[in-house]
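Each remark here refers to the structure printed beneath this line.
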Amino acid sequence: MRPASFEYVAPRTLPEACRLLAELGPDARPLAGGQSLIPAMTLRVANPSALVDLRHLDELRSIAVRDGIVSIGARTTHSDLMRSASLQKALPLLPEVARQIGHAAVRNRGTLGGSLANADPASEWPAVLLALGGRVKAVSQRGERWIDAEDFLQGVFTTALAPDEILTGVELPVPGPQERVCFKEYARQTGAFAVAIAIARVEFEGGRVSRAGLVIGACGARPVAPEVDWSPLVGSAPSDAAIDRIVAEVGDAIEPHGDPHFSSEDRRQIALTMARRALTGAVRHQP
Amino acid sequence: MTSSPCTISLTVNGERHDIQVEPRRLLADVLREDLGYTGTHLSCEIGVCGVCTILVDGEAARSCLMFAVQADGAEITTVEGLADGETLHPLQEAFWEHHALQCGFCTPGFLITLHGLFERTADPSDEEIREALDDVLCRCTGYQNIAKATFAARDKLRLRVKA
Numbered sequence: 001m002r003p004a005s006f007e008y009v010a011p012r013t014l015p016e017a018c019r020l021l022a023e024l025g026p027d028a029r030p031l032a033g034g035q036s037l038i039p040a041m042t043l044r045v046a047n048p049s050a051l052v053d054l055r056h057l058d059e060l061r062s063i064a065v066r067d068g069i070v071s072i073g074a075r076t077t078h079s080d081l082m083r084s085a086s087l088q089k090a091l092p093l094l095p096e097v098a099r100q101i102g103h104a105a106v107r108n109r110g111t112l113g114g115s116l117a118n119a120d121p122a123s124e125w126p127a128v129l130l131a132l133g134g135r136v137k138a139v140s141q142r143g144e145r146w147i148d149a150e151d152f153l154q155g156v157f158t159t160a161l162a163p164d165e166i167l168t169g170v171e172l173p174v175p176g177p178q179e180r181v182c183f184k185e186y187a188r189q190t191g192a193f194a195v196a197i198a199i200a201r202v203e204f205e206g207g208r209v210s211r212a213g214l215v216i217g218a219c220g221a222r223p224v225a226p227e228v229d230w231s232p233l234v235g236s237a238p239s240d241a242a243i244d245r246i247v248a249e250v251g252d253a254i255e256p257h258g259d260p261h262f263s264s265e266d267r268r269q270i271a272l273t274m275a276r277r278a279l280t281g282a283v284r285h286q287p
Numbered sequence: 288m289t290s291s292p293c294t295i296s297l298t299v300n301g302e303r304h305d306i307q308v309e310p311r312r313l314l315a316d317v318l319r320e321d322l323g324y325t326g327t328h329l330s331c332e333i334g335v336c337g338v339c340t341i342l343v344d345g346e347a348a349r350s351c352l353m354f355a356v357q358a359d360g361a362e363i364t365t366v367e368g369l370a371d372g373e374t375l376h377p378l379q380e381a382f383w384e385h386h387a388l389q390c391g392f393c394t395p396g397f398l399i400t401l402h403g404l405f406e407r408t409a410d411p412s413d414e415e416i417r418e419a420l421d422d423v424l425c426r427c428t429g430y431q432n433i434a435k436a437t438f439a440a441r442d443k444l445r446l447r448v449k450a
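Right under this line is the structure:
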C-alpha cells in the first residue's frame with residue numbers, strides 16, 4: 001500500500017506554518033520526522049488532507065539547560081538527544097531513553113515533539129514527560145500556551161493539541177541532587193515498541209526516602225502514576241521488602257491492555273517486574 | 288483533493304537530478320522507479336526491516352519513511368555509490384570474502400548502515416558494530432559472517448588510516 005494524496009507545504013517560518021495549518025483545515029497535520037506518521041499513512045490508517053512540513057524551521061531544533069530546566073525544541077531528534085553532551089551532564093535519563101528508541105535510522109529523523117504529539121501508548125517520551133513533571137508549548141495563529149503533562153496526555157494517540165496547534169517545545173525540570181530517577185523498559189527486540197515501561201523517582205534525606213513516585217507506561221491508553229500507599233518506603237532507609245509491598249499494590253492500580261502478543265495479565269506481570277527494577281535501581285544509587 | 292507535483296532536486300551519489308514528484312511518493316519508490324537506483328530494496332515498507340536504508344546528508348535514514356519531497360536539496364548515498372568504478376568499497380570486499388550474504392536482499396541495507404557508522408565513528412568498537420547490525424533484518428545468514436566481515440573491514444580501514 002501507499003499513502004493517499006495530500007496537499008504539501010513546507011513553510012520557512014513558524015508564523016507561516018501556523019497560518020497554513022489553520023487555513024488547510026482540521027484534517028491537516030504538521031510533519032516533523034514522519035517516523036510514525038508516514039508508516040501510518042502508508043498503511044492508510046492515517047489519511048491527513050494536507051501536511052505542513054516543519055523541515056525548514058531550524059529554530060525548533062535546540063537543546064538548552066538553564067536554571068534547573070531543560071528546554072528542548074520539538075524538532076530535536078532522538079539522535080540529537082542521545083549525542084548531547086550537555087544532557088549527558090544535566091539529565092542523562094534523556095540520552096539513556098533515546099538510545100532505546102527504534103534503530104539509528106529512525107532515531108536520526110524521529111523527533112521528541114513528534115513523538116509526544118503522536119502519543120503512542122507504547123512510546124517512551126510521554127512517560128518521561130509525566131515522570132519529570134514536564135510541559136509542552138503549543139503555538140497557533142490564536143496564540144501560544146503551555147500544557148502540563150497530565151493535561152496534555154489524554155489517551156491513545158490523543159493529546160490536548162487542537163487541530164491548528166503545533167507543538168514547538170518541551171520543558172523538563174531537572175530532578176534535584178537528592179533525587180534519583182530510574183527508567184526500565186521491556187520490549188521483545190531491540191528497538192521494538194515497549195510492552196511495559198516503569199520510571200521510578202525517589203528523593204532522599206539523610207539516608208532515608210523522603211518522597212517517591214512511579215510512572216507506568218505502555219500499559220493502557222496513556223502513562224499513569226498509579227495510586228499506591230508509599231508509606232512502606234517513605235520515612236525509612238530503602239529495603240527490598242518495602243519495594244515488594246509497593247509493587248504488590250501497583251498491580252491492582254494499573255489497567256494494562258491486552259493485544260495479540262501479550263494478554264493484559266502478562267503485561268501486568270511484566271510491568272510489575274519493570275516497576276520493581278526501576279524502584280530498586282533508583283534506591284541503589286542513593287546520594 | 289489535489290496534490291500537485293512538486294519540482295525537487297535530489298543529488299544521488301554525487302549526481303544531481305531535478306524531477307517532478309507528487310508529495311505522496313515515498314523516497315524509496317522515487318529512487319528506484321523514477322531514477323533507476325534499484326539497489327535500495329523494499330520489504331516491510333513501514334520502517335521495521337531496514338533494507339531500504341540510505342544515507343541522507345551523511346546520516347542513515349529509512350527511505351520508506353520519507354516522502355521524496357522531504358529530501359529536496361539533500362545529498363543521498365545509495366549502495367550504488369559505494370564502489371569506486373570497478374573498485375569495491377572495503378565493506379563490500381569484506382562481505383564478499385567473509386560470505387556475509389546469501390540471497391543478498393538485505394545486503395544494501397547493511398552496507399549503507401555500516402558505511403554510515405564508519406563515517407560517523409572512525410573506529411567503532413565490536414559492541415558498536417553489533418548494535419548497528421540490529422538495525423537490519425537478515426533471514427539467511429544468522430549475522431555471524433556479517434559481523435566478521437564488518438570487523439575485518441574496520442581493521443582494513445584502521446590500517447589505511449595509520450599508513
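Listed in order, the protein sequences are those of chains U and C.
This note's numbering applies: residue 1 is where the first sequence begins, and numbers increase by one.
This note's numbering applies: residue 288 is where the second sequence begins, and numbers increase by one.
C-beta: ideal position from N, C-alpha, C; glycine also.
All of these numbers come straight from a predicted model, not from anything done at the bench.
With 16 other CB atoms within 10 Å as the buried threshold, where does T158 (chain U) fall?
-> Answer is exposed; the Cβ neighbour count stays below 16.
Within chain C, partners of F6 (chain U) - CB distance below 7 Å = Residues of chain C passing the Cβ test: S290, P310, R311.
Output yes if chain U places a C-beta closer than 9 Å to the C-beta of C351 (chain C); else output no.
-> Cβ-Cβ to chain U under 9 Å: yes for C351 (chain C).
Can you tell me the Cα-Cα spacing of C219 (chain U) and H257 (chain U), whole angstroms?
-> Rounded to whole angstroms, C219 (chain U) to H257 (chain U) spans 6 Å at the Cα level.
For V195 (chain U), is the classification buried or exposed, using 16 other Cβ atoms within 10 angstroms of its Cβ as the cut-off for buried?
-> Buried is the label assigned to V195 (chain U), since at least 16 other Cβ atoms lie within 10 Å of its Cβ.
Test: C393 (chain C) CB closer than 9 Å to a CB of chain U | C393 (chain C) does not count as touching chain U.
Cβ-based burial, V156 (chain U) [other Cβ within 10 Å; buried from 16] | Classification of V156 (chain U): exposed, given that the 10 Å Cβ count is below 16.
What residue range is occupied by the uninterrupted beta strand (DSSP E) comprising C182 (chain U)?
-> Where C182 (chain U) is concerned, the enclosing beta strand (DSSP E) stretches over 179 to 186.
Integer Cβ distance of M82 (chain U) from P95 (chain U), believed to fall under 8 Å | About 5 Å; that satisfies the 8 Å criterion.
Along chain A, which residues have their Cβ under 9 Å away from the Cβ of G337 (chain C)?
-> The structure shown contains no chain A; its protein chains are U and C.
With DSSP run on the structure shown, which of helix, strand or coil describes V174 (chain U)?
-> The answer is coil: DSSP assigns V174 (chain U) none of H, G, I, E or B.
Please work out which residues of its chain come closer than 7 Å, Cβ to Cβ, to E346 (chain C), disregarding the five sequence neighbours upstream and downstream, and give them in chain order.
-> Excluding positions up to five away in sequence, the list reads G403.
So which of U:L214, U:L31, U:S236, U:W230 has the shortest CA-CA distance to P223 (chain U)?
-> P223 (chain U) has its Cα closest to that of U:L214, out of U:L214, U:L31, U:S236, U:W230.
Where the alpha helix (DSSP H) containing R19 (chain U) begins and where it ends | Where R19 (chain U) is concerned, the enclosing alpha helix (DSSP H) stretches over 14 to 23.
Chain C residues whose Cβ lies nearer than 8 Å to that of T42 (chain U) | Neighbours of T42 (chain U) on chain C, chain order: L313, E332, I333, C351.
Does DSSP put S210 (chain U) in a helix, in a strand, or in coil?
-> Note: S210 (chain U) maps to strand in three-state DSSP.
Can you tell me which of U:N47, U:Q35, U:L57, U:P3 puts its alpha carbon nearest to the alpha carbon of C18 (chain U)?
-> Sorting U:N47, U:Q35, U:L57, U:P3 by C-alpha distance to the C-alpha of C18 (chain U) places U:L57 at the top.
I306 (chain C) beta carbon less than 9 Å from that of L322 (chain C) = Yes, these two residues count as a Cβ contact at 9 Å.
Closest by CA to V250 (chain U), which one among U:H285, U:S210, U:R208, U:I197?
-> The shortest C-alpha separation from V250 (chain U) is found at U:I197.
State whether the stretch 377 to 385 of chain C contacts the stretch 306 to 317 of chain C, with contact taken as three or more CB pairs (one from each stretch) at a distance under 8 Å.
-> Under the Cβ criterion (8 Å, minimum of three pairs), the stretch 377 to 385 of chain C does not count as touching the stretch 306 to 317 of chain C.
Give a yes or no on whether 9 Å exceeds the smallest Cβ distance from Q289 (chain U) to chain C.
-> Nothing can be reported for residue 289 (chain U): it is not among the residues displayed for chain U, which extend from 1 to 287.
Cβ separation of A212 (chain U) and R201 (chain U), assumed to be a contact under 8 Å, to the nearest whole Å = So it is a contact: roughly 7 Å between Cβ atoms.
Taking only beta-carbon atoms, is E418 (chain C) less than 9 Å away from chain U?
-> Closer than 9 Å: yes.
Classify P30 (chain U) as helix, strand or coil using the three-state DSSP reduction.
-> For P30 (chain U), the secondary structure class from DSSP, reduced to helix, strand or coil, is strand.
Cα-Cα separation between F183 (chain U) and T190 (chain U), rounded to whole angstroms = Approximately 16 Å, taken between the alpha carbons.
Please name the residue in U:F6, U:M1, U:R2 whose C-alpha comes closest to that of S290 (chain C).
-> Here the closest residue by C-alpha is U:F6.
Put I399 (chain C) into one of helix, strand or coil per three-state DSSP.
-> Secondary structure of I399 (chain C) (DSSP, three-state): helix.
Between M274 (chain U) and chain C, is there a C-beta pair that is closer than 9 Å?
-> Not one chain C Cβ lies under 9 Å of M274 (chain U).
Would you call the CB atoms of L116 (chain U) and V136 (chain U) closer than 9 Å?
-> With a cutoff of 9 Å on beta-carbon distance, L116 (chain U) and V136 (chain U) are scored as near each other.
Thinking just about the alpha-carbon of each residue, which of U:D120, U:I166, U:D259 is nearest to the one in G73 (chain U)?
-> Just measuring C-alpha positions, the residue of U:D120, U:I166, U:D259 sitting nearest G73 (chain U) is U:I166.
Per DSSP, the bridge partner or partners of T159 (chain U) | Answer is U:L153, bridged to T159 (chain U).
Contacts that P39 (chain U) makes with chain C (C-beta to C-beta distance below 7 Å) = Those are I333, G334, L352, listed as they occur along chain C.
Is the stretch 64 to 71 of chain U touching the stretch 171 to 178 of chain U, taking contact as three or more C-beta pairs under 8 Å?
-> Two segments are said to touch when three or more pairs of C-beta atoms, one from each, lie closer than 8 Å; by this definition the stretch 64 to 71 of chain U touches the stretch 171 to 178 of chain U.
Can we count E373 (chain C) as close to the ligand MG, meaning its CB is less than 8 Å from some heavy atom?
-> Ligands in the displayed structure: none, and consequently the ligand MG is not present.
I295 (chain C) and A370 (chain C): beta carbons closer than 9 Å?
-> No, the pair does not count as a contact, with Cβ atoms beyond the cut-off.
What are the boundary residues of the beta strand (DSSP E) that includes G143 (chain U)?
-> From DSSP, the beta strand (DSSP E) with G143 (chain U) extends over 143 to 148.
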